[in-house]
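Below is one structure, written out as C-alpha cells; comments come after it.
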Amino acid sequence: MNLKKLQRITSQFNADHLLLKIGFLAMMVFSYFSYQSAIFAAQNVRTVVVPLNQAAKFWVSGDDADEKYIVNIGTYIADLFYATTAANIDQRFAKILTLVNSENYTDIKAYLKNKATIIKRYKRNAWSFRHLKTFINKKTHEITIMGGLTRWKNSGKEKERQTKLIIGYDINNANFSITKLESKEE
Numbered sequence: 015m016n017l018k019k020l021q022r023i024t025s026q027f028n029a030d031h032l033l034l035k036i037g038f039l040a041m042m043v044f045s046y047f048s049y050q051s052a053i054f055a056a057q058n059v060r061t062v063v064v065p066l067n068q069a070a071k072f073w074v075s076g077d078d079a080d081e082k083y084i085v086n087i088g089t090y091i092a093d094l095f096y097a098t099t100a101a102n103i104d105q106r107f108a109k110i111l112t113l114v115n116s117e118n119y120t121d122i123k124a125y126l127k128n129k130a131t132i133i134k135r136y137k138r139n140a141w142s143f144r145h146l147k148t149f150i151n152k153k154t155h156e157i158t159i160m161g162g163l164t165r166w167k168n169s170g171k172e173k174e175r176q177t178k179l180i181i182g183y184d185i186n187n188a189n190f191s192i193t194k195l196e197s198k199e200e
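Numbered as in the working numbering, the sequence shown ends at 200 without a single skipped number.
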C-alpha cells in the first residue's frame with residue numbers, strides 16, 4: 015500500500031512540476047512579447063503638442079522634432095535671454111537653466127551669471143528684443159535666432175542693434191535640452 019501511495023505522490027509531483035515548467039515558459043514568452051512591444055512603442059511614439067496660444071500643432075518624437083517646435087522653443091529662449099531688466103534677470107536666466115543639458119550646465123550657468131552681473135551693474139537699463147528670422151540646422155543641432163536688440167535708458171531709447179543668438183540643442187527621448195548658448199552682435 016505504501017508503494018502505491020508513493021507512486022501516486024511521485025506522479026502527482028511530476029505533473030505539478032511539469033505544470034510549473036509550462037507556466038514558467040508561458041510567463042517568459044509573455045514577458046518577451048511585452049518587452050518587444052514596449053521597445054517598439056518607445057521608438058515609434060510621437061507626442062503631438064497643441065499650444066494654447068497658437069492654431070498650429072507640432073510633434074516631438076524620440077530624437078527628432080517638428081521645425082515649428084524648434085522655432086517656438088528657440089524664440090522662447092531668445093526672449094528669455096534678451097528681453098531683460100535688472101529686476102527680472104535672475105528669474106529669466108533660471109528658466110533658461112531648466113532647459114540646459116547636464117553636461118553643459120556649469121559652462122552655460124557661468125556665461126549667464128557673467129551676463130547677469132553686467133546687466134545688474136546698470137540697474138536703470140532695460141532690454142527689448144524684436145525677433146526677425148530663425149534658421150535651423152538639424153545636422154549640427156543649432157538654432158540661430160536673429161533680431162533687433164534695443165537698450166532702454168532713463169534718457170530714452172538707443173538705436174536698435176542687430177544681434178543673433180546661437181542655441182545648440184539636443185533632443186533625447188522627446189526632451190529638448192540646450193547644449194550651447196552664444197550671443198553675437200553684428
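Ideal Cβ positions, reconstructed from N, Cα and C, are used throughout, including at glycine.
Cβ neighbour criterion (16 or more within 10 Å) applied to residue i
{"i": "ILE36", "result": "exposed"}
{"i": "LYS194", "result": "buried"}
{"i": "VAL43", "result": "exposed"}
{"i": "ASN151", "result": "exposed"}
{"i": "GLY88", "result": "buried"}
{"i": "LEU179", "result": "buried"}
Assigned secondary structure, residue i (DSSP; H/G/I helix, E/B strand, else coil)
{"i": "SER86", "result": "It is worth fixing the name first, because residue 86 is Asn in this sequence and not Ser. Helix at ASN86."}
{"i": "GLU200", "result": "coil"}
{"i": "ASN189", "result": "strand"}
{"i": "THR99", "result": "strand"}
{"i": "GLY37", "result": "helix"}
{"i": "ASP78", "result": "strand"}
Selected residue, minimal CA-CA separation from residue i, among the options
{"i": "LEU126", "options": "HIS155, THR98, LYS153 and LYS137", "result": "THR98"}
{"i": "ALA188", "options": "HIS145, ARG106 and ASP80", "result": "ASP80"}
{"i": "THR148", "options": "ASN168, ARG22, PHE54 and TYR83", "result": "TYR83"}
{"i": "GLU172", "options": "GLY162, LEU179, ILE181 and LYS178", "result": "GLY162"}
{"i": "ASP93", "options": "ASP121, ALA100 and ILE110", "result": "ILE110"}
Through-space distance from residue j to residue i, alpha-carbon basis
{"i": "GLU196", "j": "ASN115", "result": "15 Å"}
{"i": "THR164", "j": "ALA52", "result": "50 Å"}
{"i": "TRP73", "j": "ILE91", "result": "19 Å"}
{"i": "ASN139", "j": "ASP77", "result": "40 Å"}
{"i": "THR238", "j": "TYR96", "result": "The structure shown does not extend to residue 238, since the chain is modelled only from 15 to 200, so the question has no answer here."}
{"i": "HIS31", "j": "MET41", "result": "15 Å"}
{"i": "LEU34", "j": "GLN26", "result": "12 Å"}
(message) Please give me, in chain order, every unbroken run of the beta strand (DSSP E) with length at least 3 that falls completely inside the region 101-180.
(response) 140-151 and 156-167
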